[in-house]
Each structure stands twice: as structure tokens, then as C-alpha cells.
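See below for the structure under consideration.
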Amino acid sequence: MAVGDRRHRPIPALIGDTFNVVGRRFREIAVIAIVAAAVAVISVAAITSALDIVNEEILENPRFEELIDLTAQEQAESEDIEVAVEAWLESTEGDRLVNAGLLVAAGVLVSLLGWATTIAFSLVALDDVEGRFSTIGGSLRTGLARVPKALLLSIVYLAVFLVMLIALGIALFVLSFMHPYLGVAAFVVGIAVAFLYFMPLIQMHFVVAYVEPGFPSFPRWWRLLAGNLAATWGRSSLIILANIAVGLILWIGLLALPSPYGDFISNAIVGPIFGALSAIAYALMYADLSGRSRPSVGEWPELGG
Numbered sequence: 001m002a003v004g005d006r007r008h009r010p011i012p013a014l015i016g017d018t019f020n021v022v023g024r025r026f027r028e029i030a031v032i033a034i035v036a037a038a039v040a041v042i043s044v045a046a047i048t049s050a051l052d053i054v055n056e057e058i059l060e061n062p063r064f065e066e067l068i069d070l071t072a073q074e075q076a077e078s079e080d081i082e083v084a085v086e087a088w089l090e091s092t093e094g095d096r097l098v099n100a101g102l103l104v105a106a107g108v109l110v111s112l113l114g115w116a117t118t119i120a121f122s123l124v125a126l127d128d129v130e131g132r133f134s135t136i137g138g139s140l141r142t143g144l145a146r147v148p149k150a151l152l153l154s155i156v157y158l159a160v161f162l163v164m165l166i167a168l169g170i171a172l173f174v175l176s177f178m179h180p181y182l183g184v185a186a187f188v189v190g191i192a193v194a195f196l197y198f199m200p201l202i203q204m205h206f207v208v209a210y211v212e213p214g215f216p217s218f219p220r221w222w223r224l225l226a227g228n229l230a231a232t233w234g235r236s237s238l239i240i241l242a243n244i245a246v247g248l249i250l251w252i253g254l255l256a257l258p259s260p261y262g263d264f265i266s267n268a269i270v271g272p273i274f275g276a277l278s279a280i281a282y283a284l285m286y287a288d289l290s291g292r293s294r295p296s297v298g299e300w301p302e303l304g305g
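Per the numbering used here, residue 1 is the first one in the sequence shown, and the count goes up by one each step.
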């Protein structure tokens, strides 16, 4: 199939087909989402309980009680208070390190779990496009197996953006000698191009990593986007904006709820549902770009124009 023949389905069709995939593969998607939600909730609950225990030990430390007693005295010298604070911090250093380790572990666990389920959703969607039978266990196992590849790709892009920021900083420094505003303008334009233009396109590189064996090369990703940069950017940007909007609305709406209930709704219900919809939409975009999903002009009249 020629590169020019590969085009995205219209946006209304992309939205409709995303929900159609959910309807046809509801069992697989629901079970994967439930497994992800259960693991997330149990993990968050366990880590939160551990943090509460460690924080309680920090607050019940004898040095902390001495600090409170000292600050309550009207004649307390500031130097004495500083010494008491240092003694308390020193005596709780191990507990604070445990706290930091638990928070890092929570972030890593949530990220790895999110990647595994996103990959599983993508595989289920691609199986549906190609009319293949998919199993829940197989999709989850493949998702877990491909997490290291997604992590490696993230590290590569992190390094790329770090180099870009260094280059922009050098440009800002050099151009600022010519005119102060010129350096700032170059820095702003560089950031805008990197994050507003390339970030939506980079999402498709991750989808390639999710659904294809092996590490996705940059040439392979760029060939996939050939002739469809604007359409891919637009659809990916819409998905990103929808995620941001849902997250903001969810955050505002859950502020009124007690913490455990709001966290449960966010982590166990809304998060997995919207994550599944986003992953499926991206998988359908990949199917179009890779030529693995080709409707006729009669099915999508917009393709004939």
C-alpha cells in the first residue's frame, strides 16, 4: 500500500469506532480495567497505610515532643529552637527516607501498571480491528512484557528533551547579547515547538512500541506519520486535551468528597475508563496509519475528497 493511501478516519468516525470497540470487546476491556483498578486501589491503600504509620512515628518521636515543649516557652531562644529542630530531623532521618522511598515506589508502581493496562487495551483494540480473538490473560501478559520497552522509550525522549533544553539555554544566552527579547523569544518558540507540536506526535511512537514487537526506531515512527502529520497532530491533541479536561473536572468535582471516596472514584472508576478510551482511540489511529484498517470510500465518503 502506498504511503499516500494511508489516511486517518474522520474524527466523528474515530469517536464512534472507539465506543464500538468498547461495545464489541466489553468483557476483555472491563476485566482488564477492573484488574488494573483493583491492583491500583490495593497498592495505594497499602502504601497510604504504611505512610500513616511512618508519619505517626515521626510525630511521636521524643525529639519532636521536646521541640514542641521548647517552642511553647516564652523565653526560648531561637538558637535553642534551631538546635532542637536539627536534633529532631536527625533522629527521624531514617523515617523520612522510608517515606520518600514509599512515595517513589507508589509512583513507579502506578506508572508501570498504567503502561501495562494501556498496552493491553491497545492490543485488544488492534485484535478487534483485524478480527482476531484476544484473551485477557494474553493481553495483560504482553502488556507487562512490553513495559520495559515503553520505559526505555521514555528515557530516550527524556534525554532528547534534556538536550533540547540545554541547546535552548545556550541559544538564549547567546542571543540575549544581541537583544534581550530575542533570546527569550527563541526559548519560548523552541519550547512551544517541542511540547505543543512534537508531544502529540510522540504519542504515536509509544503506540508503535505498545503493539509492535521490538523497539520502534525513529525512522519507522516518522515513516508511519508521513503525509499525515497535521491529521495525527490534531487527533492526538484532542485526546490530550480531553484527558486534561476530564482530569480537571474530576479534580474539581471530587474536592467536595472525603479523601478515600474521591481517590477511589478517581483511581478505580474514571481513570481506567478514560484510559481505556484513549488507548483504543490511539490504537485505531495506528491501525489507519499502518494500513491495518482500511475502509472503502463508500464507508467513509470523506476519504474520496
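A virtual CB, placed ideally from N, CA and C, is assigned to each residue, including glycine.
With contacts defined as CB atoms closer than 8 Å, Ala125 and Val35 fail to qualify as a contacting pair. Of all alpha-carbon atoms in Val211, Leu248, Ala242 and Ile239, the one lying nearest the alpha-carbon of Val129 is that of Val211.
In this structure, the alpha-carbon of Leu224 lies about 16 Å from that of Met199.
Cβ contact annotation for Ile29 (same chain, cutoff 7 Å, sequence separation greater than five): Val22, Phe121, Val124 and Ala276, in chain order.
Here DSSP, grouped into helix, strand and coil, assigns Arg235 to helix. Per DSSP, Gly23 is one residue of the alpha helix (DSSP H) stretching across Ile11 to Arg24. Note that the C-beta distance between Leu201 and Leu229 is below 8 Å. DSSP places His205 inside the alpha helix (DSSP H), whose first and last residues are Met199 to Val211. Apart from sequence neighbours up to five positions away, the residues of its chain that approach Ser278 with a beta-carbon distance below 7 Å are Ile239 and Asn243, ordered along the chain. Within the model, the alpha-carbon separation for Ser139 versus Ile119 is close to 8 Å.
By the CB criterion at 8 Å, Ile280 and Thr18 fall inside the cutoff. Spatial neighbours of Leu112 in its own chain (CB-CB distance under 7 Å, excluding positions within 5 residues in sequence) are listed in chain order as Val147. Around the Cβ of Ile32, a 10 Å sphere holds 16 or more other Cβ atoms; the residue is buried.
Per DSSP, the unbroken alpha helix (DSSP H) holding Thr142 starts and ends at Ile136 to Ala145. Following the DSSP letters along the chain, one finds Arg223 inside the alpha helix (DSSP H) bounded by residues Phe218 to Leu225.
When secondary structure is reduced to three states using DSSP, Glu130 falls in the coil class, being assigned neither helix nor strand. Linking Arg235 to Leu158 through their CA atoms gives a straight-line distance of about 23 Å. Under the three-state reduction of DSSP output, Arg292 falls in the coil class, being neither helix nor strand. Distance check between Ala145 and each of Val188, Thr232, Thr117 and Gly247 places Thr117 closest, using alpha-carbon atoms only. Here DSSP, grouped into helix, strand and coil, assigns Asn243 to helix.
Assigned with DSSP and collapsed to three states, Arg27 falls in helix. Distance from the Cα of Ile170 is smallest, within the candidate group Val156, Gly190, Leu152 and Ile155, for Gly190.
The C-beta of Phe206 has 16 or more other C-beta atoms within 10 Å across all chains shown, which makes the residue buried.
Gly214 sits in coil when the DSSP states are folded into three classes, being neither helix nor strand. Of the candidates Met178, Ala194, Gly137 and Leu151, Ala194 places its Cα closest to the Cα of Leu168.
In this structure, the beta-carbon distance from Leu284 to Leu14 falls below 8 Å. Distance check between Gly114 and each of Val39, Phe133 and Val98 places Val39 closest, using alpha-carbon atoms only. Taking 8 Å as the cut-off, the beta carbon of Val208 is found closer than this to the beta carbon of Trp221. Taking C-beta separations shorter than 8 Å and ignoring five residues to either side along the sequence, the partners of Phe215 in its chain run Lys149, Leu152, Leu153 and Ala209, following chain order. If you check the CB distance, Ser43 and Leu103 do not come in under 8 Å.
Between Ala37 and Pro180 the beta-carbon gap is near 51 Å, outside 8 Å, which marks them as no contact.
One Cα belongs to Gln203, the other to Ala287, and the distance between them is close to 14 Å.
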